[in-house]
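Heads up: the protein sequence lines correspond to chains B and H, in order.
Mapping of the first sequence onto my numbering: residues 1 to 429, in sequence order.
Mapping of the second sequence onto my numbering: residues 1001 to 1465, in sequence order.
Here a beta-carbon is modelled for each residue, glycine too, at the ideal position from N, C-alpha and C.
It should be emphasised that the depicted structure is a prediction, and the values quoted were computed from it without experimental measurement.
Each remark here refers to the structure printed beneath this line.
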Amino acid sequence: MTKRAEVALIVFAAAIVAVGTALVTLTADDRITIDTAAAAAAHLAAFGGLLLAIRAWAPAASRLLLPPVAFVTALGSIEVFRIDRDLGRIQRWWLLLAAVIATGALLLLRKPGVELLRRFRYLFLAAALGLLLLPLTPSSWPLGGATVNGSRLWVRLDLGDRTLSFQPGEAAKILLVIFLASFLADRWQALAAMPRSVGPIRLPEPRQLLPVLIAFGVSLAVLAYQKDLGASLLLFMTFVLLLFVATDRLTYLVAGGVLAVGGAFAAAAAFEHVAVRVDAWLRPFDDFAGGGYQVAQSIFALADAGIFGAGIGNGVPYLVPAAATDYVFVAITEEMGLAGGMATLAAYAILIAVGFGIALRAADRFRSLLAAGLAITLAVQTLLIVAGVLRILPLTGITLPFASYGGSALLSNLAIVALFARISHEERS
Amino acid sequence: MKRAIRSVAVTMLGLMAFSVVWLTWVQTRAGAQYRDDPRNVRAFEAPAGPSRGRIITFDDVVVAEDDDGTRRYPEGRAYAHIVGFDSSSAQSGVERTRFAALASRHDGSLTAWLLRLLGADLGPPDVRLTIVDEVQQAAVAALGNRTGAVVAIDPRTGAVLAYVSSPSFDPNDVVSGELSPTDEGAAEALLDRVADHVLPPGSTFKVLVAAAAIRAGLNPDSEVEAGSSYTPPGGGMPIRNAGGEGCGGNPISLTRAMVVSCNTAFARLAVELGGDYVVAAAEAAGFNKAIPWETGAVVSSIPTGGELQADPPALAQTGIGERDVRVTPLLMALIAAAIANDGAAMAPYVVDSVVAPNGEVLESTDPRVLHRLVPRQAASALTEMMIAVVESGTGSPAAVAGIDIAAKTGTAEGSGGPHAWIIAFGPADDPTIAVAVVVEGGGSGGRVAGPIAAEVISAWIEFAR
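Spelled out as structure tokens, the structure:
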């Protein structure tokens, strides 16, 4: 892709935001408001700024990276604004802040490269665990935990007259991937060597596995306590897949699979909020007014949409609970139809393919594992929520990267894009 | 490591592809079942769009309009069958057929937005009917609470000027829920007796037998056999005249047979012309075929020529519009209109145009010829005979002061008393209105239906002046 094409696609995404936002206000109020200009300007500033930062500090990076991100962010921001205008306006500021942080990451890494991250891996591990524990702090503290929708995975910062909430788990996922990539890049041989065997099953030295087991044991325990099924599954699968990638040993994949299936059954039996999800997945219409309501409404929304959808502003996406977060993909599909849904999935496929491509071409093992880990995170997260809202799998509440409303998610996902750009750049320099 | 990355990547992208396939299936194949699920309230939850347009008569009387999101019908019962209703659960009449046209064209799409930038008026358009309120109200008043139908057509264009079915209902009651269109008790009132109901035409059918006779070479002065009684070959009940007497001589002219509505003459004529001739004349008039009509019309029917030829008693009764002949008042009006229009039937229509709020005509109906009933000369011969019917025959109650009216009456057998029919048009030298009237179980065609036709024609002449 030429530089000009990349710029054109970024501008095109901003144009989509402008047209979509205009249609939302035209349909509802019959007029175009300042929101149209504000949304397009925020989009252009965020992605234009990020583009300039990449040109400046990671000039050799793949130019295929930013356009699909700008595209899905555009569709998501239109629907978030359409469902709740205030959320849409807040999301613009989050987008700008996320672009600033991603730019800051590129600036920070411009001299030392991602190698810098490798050196501080235990700091990252500690930070990740700290962030994961943060929501468990008492709600009465100025920086305290908060329970939203039955899950305690939020932190509320009390700023006097208003509060700012965020999900530290979103940032923790990157920190854990950085730690794991760094750790596995050094220790992979020990983990791949399987000197012990129990019957036909060959096992590595337990000593080698200990840090890994502690890492995901603690994070999973914390997440189970916080009742966040989606993040729990995401972290677990990222760990298992990255372990498999680093060692090339199917043993980890099989063991992970067994653990996941066993864990899923155990969770369904032990936690009521998990059992409700499974029931809603299998029989959404049996408890239409109760547990199945969200899934049933989502099915209705998809069924009503057809090929081209109701049109932006003409659907009723707000009938699905959590439309702006978990169900933003359904909102996009309801109003933009199968065509919009397919375009969204295609953009994610491109992004994921580019991410794995960067991993394959990376300069060394650490960079390769880091890119693969980030690509796996994005892919698993996208698949979990898309499969959840489409009823391929039970719904595990998690955001759709870049598209869902949520500041912390946007911050960490754009940071992933910055890391991708940097790893991609370093492969050629 | 690279091999493992590749396999993970391929698996992830494969799962994405699977999601696309699944999404396609849910939205296309599985969709229909969920769209119709009673718990799917999305259709009702959809944001109330901009209001719907009005339905107005040709002379600008509002007959349907939006009132705070629900439909209101200022003229109530008078227009119930043609305008219909638009309630949350059902639509009928023009409200149903022009449902889409009455909606705002501003659907929130990009196209609509661009059109508006170019200055188009996308507000909800009005539907203008061809019906003239003065004529409609005259027809409603003249028919009163009797069961029947009145329909008037401008023979030059096919524009429907009045469309009345009785008993009627108040569409406002349907909107408010007081009247459920699916109630059995509502069926009588909801029935559109103009286009959805057939009756034997009685003697009005003699016009078509006369048309067949003219085609066979007769003229208004040709002498035809008439007596006080006629028994067709093959026997059966002898055909008699109303009152059981003769037709004032034997033989008599074809005109005379029309003027006194001579049953024996027309029954014999039908048998002598043969089934094929009679049926051909009827089918040329629109029997046994679908008549295109805004709200749909049932087919008027007559047996085949072969069937009638094989059964002379049935053919004889067919000649006086009885037995198995069934016709809608709409088609009878169309027959009168065709004769009035030099033999050519114009396709009937009731929507004149669809007009945007700024007056821009978005759509208008162009008159077109539907079919030819008879050649021009035959049409003027029939007109001549029908003028005589009003001047000195059974149609005299249809006379209107100052103009010549052409008409043919009919008194058809009905279980609850004879159905009173008349078809008429005027002014006879340059017709601008053709009317069909039926009063079910009303009695004698001339005496009962004639004055109704006269009222309707007078109202129109008054309006046109």
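Boundaries around residue 1346 of chain H are those of the beta strand (DSSP E), 1344 to 1346, since no alpha helix (DSSP H) includes it. Here residue 1151 of chain H carries a strand assignment [DSSP, helix/strand/coil]. A Cβ-Cβ distance of about 20 Å is found for the pair residue 106 of chain B and residue 409 of chain B, leaving them out of contact under the 8 Å criterion. In the structure shown, residue 101 of chain B adopts helical secondary structure according to DSSP, grouped into three states. Boundaries of the beta strand (DSSP E) around residue 1160 of chain H: 1160 to 1166.
Within 9 Å of the CB of residue 342 of chain B, the CB atoms of chain H belong to 1020, 1023 and 1024, in sequence order along the chain.
Taking a beta-carbon distance threshold of 8 Å, residue 82 of chain B does not count as an interface residue toward chain H.
For the region 1302 to 1329 of chain H, there are no residues whose beta carbon sits under 7 Å from a beta carbon of chain B. The beta carbon of residue 304 of chain B sits closer than 8 Å to the beta carbons of 310, 315 and 334 from its chain, once the five residues preceding and following it are set aside; these are given in chain order. At a Cβ-Cβ threshold of 8 Å, residue 1283 of chain H and residue 1251 of chain H do not count as neighbours. Sequence-distant partners of residue 372 of chain B (beyond 5 residues in either direction) whose C-beta falls short of 6 Å from its own C-beta, in its chain, are 245 and 359.
Straight through space, the alpha carbons of residue 1097 of chain H and residue 1264 of chain H are spaced by roughly 45 Å.
The shortest C-alpha to C-alpha distance from residue 1233 of chain H to any of H:1268, H:1253, H:1093 and H:1248 is the one to H:1268. Residue state for residue 1199 of chain H is assigned as strand, using DSSP reduced to three classes.
Less than 8 Å divides the Cβ of residue 1417 of chain H from the Cβ of residue 1443 of chain H. Per the coordinates, the alpha-carbon of residue 324 of chain B lies some 59 Å from the alpha-carbon of residue 1150 of chain H. Put simply, the region 66 to 83 of chain B touches the region 4 to 21 of chain B. At least three CB pairs are less than 8 Å apart. Taking a Cβ-Cβ cut-off of 9 Å, residue 1120 of chain H has no neighbours in chain B, whose nearest Cβ is about 14 Å from it. Comparing C-alpha distances from residue 1348 of chain H to each of H:1366, H:1357 and H:1355 shows the shortest one belongs to H:1366. Only residues of its own chain outside the window of five on either side were considered, and among them 312 and 313 have a CB closer than 7 Å to the CB of residue 23 of chain B, listed in chain order. Between residue 1037 of chain H and chain B, the shortest Cβ-Cβ separation is below 8 Å.
Under DSSP, residue 1065 of chain H takes part in a beta bridge, and its partners are H:1072.
DSSP, reduced to helix, strand and coil, places residue 405 of chain B outside both helices and strands of the structure shown, so it counts as coil.
For residue 137 of chain B and residue 1051 of chain H, the gap between their C-alpha atoms comes out near 54 Å.
If the five residues before and after residue 1164 of chain H are omitted, its C-beta is found closer than 8 Å to the C-beta atoms of 1078, 1081, 1136, 1139, 1140, 1143, 1149, 1150, 1151 and 1194, all from its own chain and listed in chain order. The region 1354 to 1369 of chain H makes no contact with the region 1274 to 1289 of chain H: fewer than 3 CB pairs, one atom from each, lie closer than 8 Å. Taken in chain order, the members of the region 382 to 398 of chain B whose beta-carbon sits within less than 9 Å of a beta-carbon on chain H are 382, 383, 386, 387, 390, 391 and 392.
Residue 1425 of chain H has H:1406 and H:1434 as its beta-bridge partners, per DSSP.
At least one CB atom of chain H sits nearer than 8 Å to the CB of residue 306 of chain B. Three or more pairs of CB atoms, one per stretch, sit closer than 8 Å, so the region 345 to 363 of chain B contacts the region 51 to 69 of chain B. In this structure the region 1392 to 1412 of chain H lies against the region 1198 to 1206 of chain H, because at least three pairs of beta carbons, one per stretch, are closer than 8 Å. In terms of CA proximity to residue 176 of chain B, B:132 leads the group B:132, B:287, B:418 and B:261. In chain order, 1085, 1087 and 1181 place their CB closer than 7 Å to the CB of residue 1174 of chain H, counting only its own chain and leaving out the 5 sequence neighbours on each side. In this model, residue 1339 of chain H and residue 1123 of chain H are separated by some 42 Å (Cα to Cα).
C-alpha of residue 1092 of chain H to C-alpha of residue 1294 of chain H: approximately 11 Å in a straight line. Residue 83 of chain B has its alpha-carbon roughly 11 Å from the corresponding atom of residue 321 of chain B.
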